[in-house]
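This report concerns only the one structure given below.
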Amino acid sequence: MKLDFALFAMGAALSLTTAAFAAGGSTGHAFYGDPPDDRHAWCIHDQNRPQPKVVAPLPVSELEQKAKAPADAIVLFGGTEACLSKWCSDKNPNEPTKWIVRNGNMECVPKSGYVRTKEEFGDCQLHVEWAAPTPPEGESQGRGNSGIFLLGVEIQVLDNYQNKTYADGYACSMYGVNPPLANALRPPGEFQYIDITFHKPVYKDDKCVQPGWVTVYCNGILVQDRTQIEGPTGHRARAKVGPLPDKGPLKLQDHGNPVRFRNIWYRPLPPAAAKGGVRGPLSAKATAAKRKEIAASIRKDAACKPEGSAEQMLRFAESLVYDKDDATFQKVEQMAGQYAAALKQLPADKAGSKKDEVMQVDSAFKYLAKWSFVPENFGPKVEVTNFIKAQGWDKKPKKK
Ligand code: MG
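Quick note, the sequence shown lines up with residues 4 to 403 if you use the working numbering.
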């Protein structure tokens with residue numbers, strides 16, 4: 004009896020395994036993807052990883068406005084045949100793509116290979132709309148599969164509407180790395196509105212000095228929340244940690260399903276501070292250099308103002324906030340002294356017309372003293388404040 008049961012159990016296990024292996028990459032199964040390690044609790048394509056919860060997408064009426072390409076966006080596919088000239092075969096970049104435009108959509112022709120843009124870019128905001136074929140065919144990874152690839156990182160395209168698969172292979176997963184926070188898909192045949200921000204990791208001397216992140220919204224629902232980029236993603240294999248190229252094309256995957264795409268545009272994002280840009284905290288050295296640059300630009304502007312005017316004095320004084328340059332400080336001190344002296348000479352009946360300007364100068368001097376750009380007892384500051392008191396401008400009007 005015991006033996007019979009054992010044999011039965013073994014047979015069942017074998018047939019299960021055979022079925023699972025027969026399904027291959029389309030479903031994922033035990034002993035399939037790279038195993039857990041010190042930093043990853045799950046296997047790649049792990050069936051034991053929790054499924055993303057189903058969350059209703061936002062209505063199209065709410066998404067359409069946001070989906071329009073902003074004025075500074077670069078349109079990669081706008082719905083016409085002519086747009087195909089911006090794309091080429093990924094395998095043979097000198098050849099046009101065999102994907103077709105039908106009813107304003109760019110459609111994958113199965114077995115024609117990936118497509119890529121001729122345009123190359125790095126950090127970006129990317130908008131893509133895609134629709135899975137209808138009626139749906141196949142299951143798990145076999146249904147409406149494609150992919151959005153940025154510098155080798157795949158944001159999965161898959162028809163997961165009432166179609167389960169391994170969690171890290173769901174639509175909007177960072178494939179094989181991180182499942183989406185939710186399954187917010189519409190049914191096949193309807194377009195999904197995908198918005199991505201992509202920041203590649205920054206490496207210096209083979210060391211990562213700033214990680215890269217991907218954020219994804221699917222139909223208005225946040226599904227990747229600054230998910231860290233490990234490296235190029237892969238099938239069954241853990242992403243290989245390392246630098247990504249500076250720039251690259253956008254690639255769309257041919258996974259054998261006629262997935263349709265439309266309204267594809269991107270906006271390049273300014274470089275990160277760690278990459279010589281100003282996005283994110285700057286190093287002390289970079290900050291000092293940037294402050295000098297800002298101060299120089301303000302001084303250049305100040306030099307164009309009417310010579311000796313209060314406007315010119317304030318503009319030079321403003322530059323001290325960025326860079327306390329001795330020569331500029333002396334210039335401001337001299338101009339401020341002359342300004343205070345002129346105030347004293349002002350006939351009583353002319354004072355009123357100068358009120359706004361004097362109050363502005365007073366406020367600027369107080370700011371500069373508060374932040375130690377001029378000493379607290381800065382002579383012109385004291386004199387301007389005294390002038391204001393003498394005019395009675397420091398008194399608040401009485402409430403009725
Ligand atoms: Mg794919």
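Cβ atoms here follow ideal geometry from the backbone N, Cα and C, with glycine treated the same way.
All values reported here derive from a predicted model rather than from experimental measurement.
Rounded straight-line distance, which links the Cα of residue j to that of residue i
i, j, result
"residue 200", "residue 228", "10 Å"
"residue 168", "residue 188", "14 Å"
"residue 237", "residue 179", "7 Å"
"residue 101", "residue 324", "59 Å"
"residue 225", "residue 297", "37 Å"
"residue 360", "residue 385", "16 Å"
"residue 90", "residue 62", "31 Å"
"residue 50", "residue 68", "38 Å"
"residue 290", "residue 374", "18 Å"
"residue 349", "residue 357", "9 Å"
"residue 286", "residue 293", "10 Å"
"residue 150", "residue 88", "20 Å"
"residue 275", "residue 383", "42 Å"
"residue 401", "residue 230", "58 Å"
"residue 300", "residue 339", "21 Å"
"residue 243", "residue 156", "11 Å"
"residue 31", "residue 48", "6 Å"
Buried/exposed call for residue i, threshold 16 Cβ in 10 Å
i, result
"residue 310", "exposed"
"residue 208", "exposed"
"residue 14", "Reliability of the predicted coordinates at residue 14 is poor, the pLDDT of 38 falling under 50, and the value obtained from them is presented with this limitation in mind. Residue 14 is exposed by the Cβ-count criterion."
"residue 256", "buried"
"residue 5", "Here the model assigns residue 5 a pLDDT of 39, short of 50, so the residue's position is not dependable, and the following value carries that caveat. Per the 10 Å Cβ criterion, exposed."
"residue 137", "exposed"
"residue 105", "exposed"
"residue 194", "buried"
Whole-angstrom C-beta distance between residue j and residue i, which should lie under 8 Å
i, j, result
"residue 222", "residue 113", "With 8 Å as the limit, residue 222 and residue 113 do not qualify as a contact, their Cβ atoms being about 26 Å apart."
"residue 161", "residue 173", "7 Å"
"residue 345", "residue 335", "So it is not a contact: roughly 15 Å between Cβ atoms."
Limits of the beta strand (DSSP E) - the one that residue i falls within
i, result
"residue 332", "Here residue 332 belongs to no beta strand (DSSP E); instead the alpha helix (DSSP H) covers 329-348."
"residue 266", "263-271"
"residue 150", "149-153"
"residue 226", "224-231"
"residue 195", "195-202"
"residue 119", "118-120"
"residue 315", "Where residue 315 is concerned, there is no enclosing beta strand (DSSP E), although the alpha helix (DSSP H) it sits in stretches over 313-325."
Residue i: CB within 7 Å of a non-hydrogen atom of the ligand MG
i, result
"residue 140", "no"
"residue 150", "yes"
"residue 156", "no"
"residue 160", "yes"
"residue 258", "yes"
Enclosing alpha helix (DSSP H) for residue i [first to last residue]
i, result
"residue 364", "358-373"
"residue 128", "Per DSSP, residue 128 belongs to no alpha helix (DSSP H); it is in the beta strand (DSSP E), 127-134."
"residue 290", "287-306"
"residue 389", "382-394"
"residue 66", "63-70"
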